[in-house]
(Lines of atoms letter the chains of each structure in order from A and count residues from 1; the text may use other names and numbers.)
(Lines give C-alpha, C1' and ligand atoms only; values in the text may rest on other atoms or scores of the structure.)
Protein backbone atom coordinates (compact mmCIF):
# COMPACT_ATOMS: atom_id res chain seq x y z
CA UNK A 1 0.00 0.00 0.00
CA UNK A 2 1.41 3.37 -1.01
CA UNK A 3 1.89 6.19 1.41
CA UNK A 4 -0.56 8.77 0.17
CA UNK A 5 0.78 11.53 2.42
CA UNK A 6 4.33 11.25 1.03
CA UNK A 7 3.00 11.08 -2.52
CA UNK A 8 0.92 14.26 -2.07
CA UNK A 9 3.86 16.09 -0.48
CA UNK A 10 6.25 15.20 -3.30
CA UNK A 11 3.73 16.22 -5.96
CA UNK A 12 3.19 19.55 -4.16
CA UNK A 13 6.94 20.26 -4.17
CA UNK A 14 7.11 19.38 -7.85
CA UNK A 15 4.32 21.80 -8.72
CA UNK A 16 5.92 24.54 -6.62
CA UNK A 17 9.27 24.03 -8.32
CA UNK A 18 7.67 24.40 -11.72
CA UNK A 19 5.75 27.51 -10.83
CA UNK A 20 8.44 29.11 -8.61
CA UNK A 21 11.85 28.06 -9.93
CA UNK A 22 14.56 27.65 -7.31
CA UNK A 23 16.96 30.56 -6.92
CA UNK A 24 20.41 30.01 -8.24
CA UNK A 25 22.89 29.88 -5.34
CA UNK A 26 25.34 32.73 -4.95
CA UNK A 27 28.94 31.93 -5.92
CA UNK A 28 30.02 33.44 -2.60
CA UNK A 29 27.98 30.98 -0.60
CA UNK A 30 25.55 33.58 0.72
CA UNK A 31 22.22 34.25 -0.89
CA UNK A 32 21.84 37.76 -2.26
CA UNK A 33 19.31 40.10 -0.80
CA UNK A 34 17.02 41.89 -3.22
CA UNK A 35 16.06 44.53 -0.67
CA UNK A 36 16.97 48.17 -1.14
CA UNK A 37 20.37 49.28 0.12
CA UNK A 38 18.79 51.48 2.78
CA UNK A 39 16.80 48.62 4.28
CA UNK A 40 19.78 46.28 4.21
CA UNK A 41 21.75 48.49 6.58
CA UNK A 42 19.57 47.68 9.60
CA UNK A 43 17.89 51.10 9.46
CA UNK A 44 14.92 51.14 11.79
CA UNK A 45 11.73 52.83 10.78
CA UNK A 46 11.31 56.12 12.69
CA UNK A 47 8.24 57.07 14.62
CA UNK A 48 6.60 60.44 13.88
CA UNK A 49 8.04 61.93 17.06
CA UNK A 50 11.59 60.85 16.31
CA UNK A 51 11.24 61.99 12.70
CA UNK A 52 10.13 65.43 13.88
CA UNK A 53 13.06 65.64 16.30
CA UNK A 54 15.46 64.69 13.52
CA UNK A 55 13.95 67.39 11.30
CA UNK A 56 14.46 70.01 14.02
CA UNK A 57 18.10 68.98 14.42
CA UNK A 58 18.57 69.20 10.67
CA UNK A 59 17.11 72.71 10.57
CA UNK A 60 19.38 73.82 13.40
CA UNK A 61 22.34 72.45 11.50
CA UNK A 62 21.25 74.41 8.43
CA UNK A 63 21.02 77.59 10.52
CA UNK A 64 24.52 77.04 11.82
CA UNK A 65 25.74 76.45 8.31
CA UNK A 66 24.00 79.64 7.22
CA UNK A 67 25.80 81.65 9.90
CA UNK A 68 29.10 80.19 8.77
CA UNK A 69 28.35 81.15 5.20
CA UNK A 70 27.22 84.64 6.28
CA UNK A 71 30.65 85.42 7.75
CA UNK A 72 32.07 85.31 4.26
CA UNK A 73 29.85 88.21 3.20
CA UNK A 74 29.85 90.14 6.50
CA UNK A 75 31.87 93.09 5.21
CA UNK A 76 29.82 93.30 2.01
CA UNK A 77 26.65 93.34 4.08
CA UNK A 78 28.01 96.12 6.29
CA UNK A 79 28.98 98.24 3.27
CA UNK A 80 25.53 97.82 1.74
CA UNK A 81 23.83 98.70 5.04
CA UNK A 82 25.92 101.86 5.36
CA UNK A 83 24.99 102.81 1.81
CA UNK A 84 21.28 102.23 2.42
CA UNK A 85 21.17 104.12 5.72
CA UNK A 86 22.72 107.16 4.07
CA UNK A 87 20.16 106.94 1.26
CA UNK A 88 17.18 106.67 3.64
CA UNK A 89 18.10 109.43 6.09
CA UNK A 90 15.68 112.27 6.83
CA UNK A 91 16.41 116.01 6.96
CA UNK A 92 15.96 117.92 10.20
CA UNK A 93 16.30 121.23 8.33
CA UNK A 94 13.29 120.39 6.19
CA UNK A 95 11.33 119.23 9.22
CA UNK A 96 12.07 122.55 10.95
CA UNK A 97 10.22 124.36 8.16
CA UNK A 98 6.87 122.70 8.85
CA UNK A 99 4.20 125.39 9.33
CA UNK A 100 2.27 123.59 12.09
CA UNK A 101 4.27 120.59 13.29
CA UNK A 102 6.65 121.37 16.15
CA UNK A 103 9.25 119.19 17.82
CA UNK A 104 7.50 119.21 21.19
CA UNK A 105 4.66 117.25 19.52
CA UNK A 106 6.97 114.42 18.53
CA UNK A 107 7.11 112.71 21.98
CA UNK A 108 3.30 112.46 21.99
CA UNK A 109 3.29 110.69 18.62
CA UNK A 110 6.20 108.39 19.48
CA UNK A 111 4.60 107.50 22.81
CA UNK A 112 1.38 106.59 20.99
CA UNK A 113 3.25 104.45 18.43
CA UNK A 114 5.25 102.68 21.14
CA UNK A 115 2.01 101.78 22.89
CA UNK A 116 0.44 100.32 19.73
CA UNK A 117 3.67 98.56 18.78
CA UNK A 118 3.93 96.86 22.17
CA UNK A 119 0.24 95.96 22.30
CA UNK A 120 0.40 94.09 18.99
CA UNK A 121 3.72 92.41 19.89
CA UNK A 122 5.41 93.62 16.73
CA UNK A 123 9.10 93.14 15.99
CA UNK A 124 11.56 95.80 17.25
CA UNK A 125 12.58 96.68 13.68
CA UNK A 126 8.99 97.73 12.96
CA UNK A 127 9.09 100.63 15.43
CA UNK A 128 12.33 102.07 14.05
CA UNK A 129 11.18 101.70 10.46
CA UNK A 130 7.92 103.44 11.39
CA UNK A 131 9.68 106.53 12.71
CA UNK A 132 12.03 106.56 9.71
CA UNK A 133 9.06 106.55 7.35
CA UNK A 134 7.40 109.35 9.33
CA UNK A 135 10.56 111.48 9.30
CA UNK A 136 11.13 110.99 5.58
CA UNK A 137 7.52 111.87 4.81
CA UNK A 138 7.58 114.98 7.01
CA UNK A 139 10.86 116.00 5.36
CA UNK A 140 9.17 116.11 1.93
CA UNK A 141 5.52 116.99 2.56
CA UNK A 142 3.68 119.62 4.55
CA UNK A 143 1.80 117.87 7.37
CA UNK A 144 -0.89 119.56 9.40
CA UNK A 145 -1.54 118.83 13.05
CA UNK A 146 -4.82 117.05 12.35
CA UNK A 147 -3.02 114.60 10.02
CA UNK A 148 0.07 113.96 12.18
CA UNK A 149 -1.40 110.94 13.96
CA UNK A 150 -2.79 109.63 10.67
CA UNK A 151 0.70 109.72 9.13
CA UNK A 152 2.12 107.85 12.12
CA UNK A 153 -0.51 105.11 11.97
CA UNK A 154 -0.10 104.71 8.20
CA UNK A 155 3.68 104.43 8.65
CA UNK A 156 3.22 101.79 11.36
CA UNK A 157 0.87 99.89 9.07
CA UNK A 158 3.42 99.94 6.24
CA UNK A 159 6.31 98.93 8.50
CA UNK A 160 4.32 96.06 10.03
CA UNK A 161 3.49 94.70 6.58
CA UNK A 162 7.16 94.88 5.63
CA UNK A 163 8.73 93.46 8.81
CA UNK A 164 6.18 91.35 10.70
CA UNK A 165 4.18 88.20 10.16
CA UNK A 166 0.80 88.48 8.51
CA UNK A 167 -1.19 87.48 11.58
CA UNK A 168 0.37 90.27 13.66
CA UNK A 169 -0.28 93.17 11.27
CA UNK A 170 -3.07 95.40 12.64
CA UNK A 171 -6.14 95.80 10.51
CA UNK A 172 -7.76 99.05 9.42
CA UNK A 173 -10.47 98.52 12.03
CA UNK A 174 -7.77 98.23 14.71
CA UNK A 175 -6.20 101.51 13.61
CA UNK A 176 -9.57 103.27 13.65
CA UNK A 177 -10.18 102.00 17.16
CA UNK A 178 -6.74 103.10 18.35
CA UNK A 179 -7.40 106.63 17.08
CA UNK A 180 -10.85 106.71 18.73
CA UNK A 181 -12.66 107.10 15.38
CA UNK A 182 -10.78 110.31 14.60
CA UNK A 183 -10.28 109.11 10.99
CA UNK A 184 -12.28 106.93 8.66
CA UNK A 185 -11.01 103.65 7.21
CA UNK A 186 -10.60 105.17 3.77
CA UNK A 187 -8.27 107.82 5.22
CA UNK A 188 -5.74 105.18 6.32
CA UNK A 189 -5.79 103.49 2.92
CA UNK A 190 -5.37 106.78 1.08
CA UNK A 191 -2.58 107.94 3.39
CA UNK A 192 -0.77 104.62 2.98
CA UNK A 193 -0.55 105.07 -0.78
CA UNK A 194 0.48 108.71 -0.45
CA UNK A 195 3.28 107.88 2.00
CA UNK A 196 4.63 105.08 -0.19
CA UNK A 197 4.67 107.27 -3.27
CA UNK A 198 6.41 110.05 -1.34
CA UNK A 199 9.25 107.85 -0.10
CA UNK A 200 9.39 106.18 -3.54
CA UNK A 201 8.56 102.74 -2.08
CA UNK A 202 12.01 102.55 -0.45
CA UNK A 203 11.54 100.46 2.70
CA UNK A 204 14.93 98.75 3.00
CA UNK A 205 16.12 100.98 5.82
CA UNK A 206 18.80 99.43 8.09
CA UNK A 207 17.35 100.15 11.52
CA UNK A 208 19.25 100.60 14.75
CA UNK A 209 17.89 97.23 15.88
CA UNK A 210 19.46 95.55 12.85
CA UNK A 211 22.81 97.18 13.61
CA UNK A 212 22.59 96.19 17.28
CA UNK A 213 22.01 92.55 16.39
CA UNK A 214 24.94 92.66 14.03
CA UNK A 215 27.15 94.06 16.80
CA UNK A 216 25.96 91.65 19.48
CA UNK A 217 26.11 88.49 17.40
CA UNK A 218 29.64 88.93 16.09
CA UNK A 219 32.85 87.72 17.67
CA UNK A 220 31.91 89.41 20.99
CA UNK A 221 28.61 88.01 22.24
CA UNK A 222 26.69 90.30 24.57
CA UNK A 223 24.63 89.28 27.59
CA UNK A 224 20.83 89.62 27.39
CA UNK A 225 20.79 92.38 30.03
CA UNK A 226 23.28 94.48 28.06
CA UNK A 227 21.17 94.07 24.92
CA UNK A 228 17.95 95.02 26.74
CA UNK A 229 19.53 98.14 28.25
CA UNK A 230 20.87 99.10 24.81
CA UNK A 231 17.40 98.66 23.29
CA UNK A 232 15.88 100.85 26.00
CA UNK A 233 18.45 103.56 25.29
CA UNK A 234 17.89 103.30 21.54
CA UNK A 235 14.14 103.81 21.91
CA UNK A 236 14.78 106.89 24.03
CA UNK A 237 16.54 108.45 21.04
CA UNK A 238 13.33 108.18 18.99
CA UNK A 239 11.65 110.88 21.09
CA UNK A 240 13.99 113.84 20.65
CA UNK A 241 15.24 116.02 17.82
CA UNK A 242 18.95 115.95 18.64
CA UNK A 243 19.18 112.25 17.72
CA UNK A 244 17.32 112.37 14.39
CA UNK A 245 20.35 113.55 12.41
CA UNK A 246 22.54 110.60 13.40
CA UNK A 247 22.77 107.38 11.43
CA UNK A 248 21.23 104.22 12.93
CA UNK A 249 24.64 102.55 13.07
CA UNK A 250 25.98 105.34 15.28
CA UNK A 251 22.86 105.24 17.46
CA UNK A 252 23.24 101.49 17.99
CA UNK A 253 26.96 101.74 18.75
CA UNK A 254 26.41 104.59 21.23
CA UNK A 255 23.58 102.75 22.99
CA UNK A 256 25.70 99.60 23.24
CA UNK A 257 28.66 101.61 24.56
CA UNK A 258 26.58 103.27 27.27
CA UNK A 259 24.83 99.99 28.11
CA UNK A 260 28.14 98.21 28.58
CA UNK A 261 29.31 101.01 30.87
CA UNK A 262 26.12 100.89 32.96
CA UNK A 263 26.37 97.11 33.30
CA UNK A 264 30.01 97.27 34.35
CA UNK A 265 31.45 95.72 31.19
CA UNK A 266 34.78 96.76 29.68
CA UNK A 267 34.60 99.31 26.91
CA UNK A 268 35.33 98.48 23.29
CA UNK A 269 37.70 101.36 22.73
CA UNK A 270 38.66 100.17 19.25
CA UNK A 271 35.03 100.50 18.08
CA UNK A 272 34.21 103.91 19.56
CA UNK A 273 34.11 106.85 17.18
CA UNK A 274 33.80 110.59 17.73
CA UNK A 275 30.17 110.53 16.60
CA UNK A 276 29.45 107.59 18.90
CA UNK A 277 30.88 109.38 21.94
CA UNK A 278 28.95 112.51 21.00
CA UNK A 279 25.68 110.56 21.09
CA UNK A 280 26.69 108.96 24.39
CA UNK A 281 27.24 112.41 25.89
CA UNK A 282 23.83 113.58 24.67
CA UNK A 283 22.11 110.50 26.10
CA UNK A 284 23.98 110.73 29.38
CA UNK A 285 23.18 114.44 29.76
CA UNK A 286 19.49 113.97 29.02
CA UNK A 287 19.14 111.03 31.39
CA UNK A 288 21.03 112.79 34.15
CA UNK A 289 18.94 115.98 33.89
CA UNK A 290 15.54 114.71 32.78
CA UNK A 291 15.31 111.08 33.86
CA UNK A 292 11.94 111.81 35.49
CA UNK A 293 10.59 113.14 32.19
CA UNK A 294 10.96 109.87 30.27
CA UNK A 295 7.93 108.41 28.59
CA UNK A 296 5.84 106.48 31.09
CA UNK A 297 4.79 104.05 28.37
CA UNK A 298 8.40 103.31 27.46
CA UNK A 299 9.46 102.90 31.09
CA UNK A 300 6.59 100.49 31.78
CA UNK A 301 7.43 98.51 28.67
CA UNK A 302 11.05 97.92 29.71
CA UNK A 303 10.22 97.34 33.39
CA UNK A 304 9.10 93.76 32.74
CA UNK A 305 11.38 90.85 33.60
CA UNK A 306 11.28 89.87 29.92
CA UNK A 307 13.48 92.93 29.25
CA UNK A 308 15.63 92.31 32.38
CA UNK A 309 13.93 95.34 33.99
CA UNK A 310 16.21 97.57 31.96
CA UNK A 311 14.18 100.73 32.58
CA UNK A 312 14.24 100.27 36.36
CA UNK A 313 17.97 99.65 36.28
CA UNK A 314 18.77 102.75 34.20
CA UNK A 315 16.39 105.04 36.10
CA UNK A 316 17.78 104.00 39.48
CA UNK A 317 21.34 104.48 38.24
CA UNK A 318 20.75 108.09 37.20
CA UNK A 319 18.59 108.90 40.21
CA UNK A 320 21.55 107.95 42.37
CA UNK A 321 23.72 110.52 40.60
CA UNK A 322 25.53 108.22 38.19
CA UNK A 323 27.11 109.51 35.02
CA UNK A 324 29.12 108.21 32.11
CA UNK A 325 32.89 108.39 32.48
CA UNK A 326 34.84 108.38 29.28
CA UNK A 327 37.87 106.11 29.32
CA UNK A 328 40.88 107.82 27.81
CA UNK A 329 43.44 105.71 26.04
CA UNK A 330 47.08 106.44 26.96
CA UNK A 331 49.13 108.07 24.24
CA UNK A 332 51.52 105.73 22.52
CA UNK A 333 55.21 106.68 22.37
CA UNK A 334 56.28 108.38 19.19
CA UNK A 335 58.73 106.54 16.97
CA UNK A 336 62.00 108.52 17.09
CA UNK A 337 63.24 110.03 13.87
CA UNK A 338 66.83 109.52 12.87
CA UNK A 339 68.95 112.58 12.45
CA UNK A 340 71.17 113.00 9.43
CA UNK A 341 74.35 113.81 11.37
CA UNK A 342 76.06 111.24 13.52
CA UNK A 343 75.38 111.71 17.20
CA UNK A 344 76.94 110.42 20.36
CA UNK A 345 73.94 108.20 21.12
CA UNK A 346 74.34 106.15 17.97
CA UNK A 347 75.86 102.73 17.75
CA UNK A 348 79.36 102.94 19.24
CA UNK A 349 82.12 102.53 16.69
CA UNK A 350 85.15 100.40 17.28
CA UNK A 351 88.62 101.26 16.07
CA UNK A 352 87.93 99.33 12.89
CA UNK A 353 84.59 100.99 12.15
CA UNK A 354 84.54 103.49 9.34
CA UNK A 355 82.15 106.29 8.56
CA UNK A 356 80.60 104.23 5.77
CA UNK A 357 79.54 101.63 8.32
CA UNK A 358 77.35 104.25 10.00
CA UNK A 359 75.47 105.07 6.82
CA UNK A 360 71.81 104.29 6.05
CA UNK A 361 72.65 100.66 5.37
CA UNK A 362 72.88 100.00 9.10
CA UNK A 363 70.19 101.52 11.36
CA UNK A 364 71.17 103.40 14.47
CA UNK A 365 70.12 102.45 17.95
CA UNK A 366 66.81 104.25 18.70
CA UNK A 367 66.84 106.82 21.45
CA UNK A 368 64.16 106.71 24.13
CA UNK A 369 62.31 110.02 23.95
CA UNK A 370 62.18 112.11 27.08
CA UNK A 371 58.78 112.21 28.72
CA UNK A 372 57.72 115.83 29.22
CA UNK A 373 54.64 116.80 31.22
CA UNK A 374 51.82 118.10 29.07
CA UNK A 375 51.74 121.84 28.74
CA UNK A 376 48.82 123.88 29.92
CA UNK A 377 47.90 124.99 26.42
CA UNK A 378 47.50 121.41 25.15
CA UNK A 379 43.95 120.97 23.98
CA UNK A 380 42.82 117.40 23.46
CA UNK A 381 39.12 117.63 22.79
CA UNK A 382 38.62 113.90 22.27
CA UNK A 383 40.15 112.79 25.57
CA UNK A 384 39.06 115.72 27.67
CA UNK A 385 37.14 114.43 30.73
CA UNK A 386 33.56 115.49 31.06
CA UNK A 387 32.78 118.08 33.73
CA UNK A 388 29.01 117.59 33.76
CA UNK A 389 27.42 117.34 37.18
CA UNK A 390 24.04 115.53 37.09
CA UNK A 391 21.00 116.60 39.06
CA UNK A 392 20.94 114.71 42.35
CA UNK A 393 17.53 113.92 43.79
CA UNK A 394 17.92 112.78 47.39
CA UNK A 395 14.27 111.94 47.88
CA UNK A 396 14.18 109.28 45.15
CA UNK A 397 17.28 107.23 46.05
CA UNK A 398 16.14 104.83 48.76
CA UNK A 399 13.39 103.08 46.84
CA UNK A 400 12.37 103.25 43.19
CA UNK A 401 9.21 105.24 42.53
CA UNK A 402 5.98 103.35 42.11
CA UNK A 403 5.47 104.55 38.54
CA UNK A 404 8.69 102.86 37.44
CA UNK A 405 7.81 99.43 38.83
CA UNK A 406 6.34 96.73 36.54
CA UNK A 407 2.57 96.56 36.54
CA UNK A 408 -0.27 96.10 34.10
CA UNK A 409 0.20 97.91 30.84
CA UNK A 410 -1.81 101.02 30.07
CA UNK A 411 -4.97 100.83 28.03
CA UNK A 412 -5.99 102.97 25.11
CA UNK A 413 -7.72 105.79 26.94
CA UNK A 414 -5.97 108.82 25.47
CA UNK A 415 -7.79 111.25 23.15
CA UNK A 416 -6.74 111.97 19.59
CA UNK A 417 -3.37 113.71 19.39
CA UNK A 418 -4.46 116.63 17.26
CA UNK A 419 -7.09 117.62 19.81
CA UNK A 420 -4.31 118.58 22.25
CA UNK A 421 -3.27 121.56 20.09
CA UNK A 422 -6.62 122.84 18.82
CA UNK A 423 -7.02 125.56 21.43
CA UNK A 424 -3.78 127.39 20.67
CA UNK A 425 -2.41 128.74 17.45
CA UNK A 426 0.24 126.60 15.81
CA UNK A 427 2.30 129.70 15.08
CA UNK A 428 2.86 130.21 18.79
CA UNK A 429 5.17 127.22 19.02
CA UNK A 430 8.82 127.69 18.27
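Numbering (the UniProt record's numbering), first residue to last: 1 to 430.
By construction, the Cβ of each residue, glycine as well, lies at the ideal position given by its N, Cα and C atoms.
These figures come from a predicted structure and were not determined experimentally.
A residue is called buried once 16 or more other Cβ atoms fall within 10 Å of its Cβ, and residue 126 is buried on that count. Annotation for residue 151: the continuous alpha helix (DSSP H) segment containing it runs 145 to 163. Bounds of the alpha helix (DSSP H) holding residue 108 are 106 to 119. CA-to-CA, the gap between residue 97 and residue 143 works out to about 11 Å. If you draw a straight line from the Cα of residue 154 to the Cα of residue 202, it comes to about 15 Å.
Contact between residue 198 and residue 141 is confirmed by a C-beta separation of about 6 Å, below the 8 Å threshold. Nearest neighbour of residue 256 by Cα position, chosen from 241, 276, 243, 240, turns out to be 276.
Scanning the stretch 272 to 336 from its first residue to its last, the whole alpha helix (DSSP H) runs of 4-plus residues come out as 274 to 290, 296 to 301, 310 to 319.
Linking residue 205 to residue 321 through their CA atoms gives a straight-line distance of about 37 Å. The beta carbon of residue 272 sits closer than 7 Å to those of 257, all from its chain and outside the five residues before and after it, given in chain order. Residues of the same chain with a CB within less than 7 Å of the CB of residue 265, apart from the 5 flanking positions on each side, are 226 in chain order.
Sequence-distant partners of residue 135 (beyond 5 residues in either direction) whose C-beta falls short of 8 Å from its own C-beta, in its chain, are 90, 95, 244. When 120, 238, 84 are compared, the shortest CA-CA separation from residue 104 is found for 238.
Annotated three-state conformation of residue 263 is coil, per DSSP. Contact between residue 159 and residue 129 is confirmed by a C-beta separation of about 4 Å, below the 8 Å threshold. One thing to note: residue 210 has its Cβ no nearer than 7 Å to the Cβ of residue 234. Cβ atoms of residue 114 and residue 301 come within 8 Å of each other, at about 7 Å. In this structure, residue 248 lies near residue 85, with their beta-carbon atoms less than 7 Å apart. The distance from the Cβ of residue 297 to that of residue 174 is about 18 Å, inconsistent with a contact at the 8 Å cut-off.
Here DSSP, grouped into helix, strand and coil, assigns residue 228 to helix. The three-state reading of DSSP puts residue 136 in helix, counting H, G and I together.
When secondary structure is reduced to three states using DSSP, residue 74 falls in the helix class. By the neighbour-count criterion, in which 16 or more other beta carbons inside 10 Å mark a residue as buried, residue 286 falls on the buried side. Here residue 183 carries a coil assignment [DSSP, helix/strand/coil]. Ranking 138, 121, 133, 73 by CA distance to the CA of residue 164 puts 121 first. Residue state for residue 93 is assigned as helix, using DSSP reduced to three classes. By the criterion of a C-beta distance shorter than 6 Å, residue 124 is surrounded in its chain by 209, once the five residues flanking it on both sides are discounted.
Under the three-state reduction of DSSP, residue 127 is assigned to helix. Counting along the chain, residue 270 sits inside no alpha helix (DSSP H), nor does DSSP assign it H or E at all. Shown here for residue 151: same chain residues with a beta carbon closer than 8 Å to its own, the five before and five after excluded, namely 134, 137, 138, 143, 191, 195 in chain order. Residue state for residue 205 is assigned as coil, using DSSP reduced to three classes. Residues 241, 244, 245 of the same chain have their beta carbon placed closer than 7 Å to that of residue 92, with the five preceding and five following residues left out of the count. In the three-state DSSP reduction, residue 170 falls in the coil class, being neither helix nor strand.
Shown here, residue 200 sits in coil according to DSSP, grouped into three states, outside any helix or strand.
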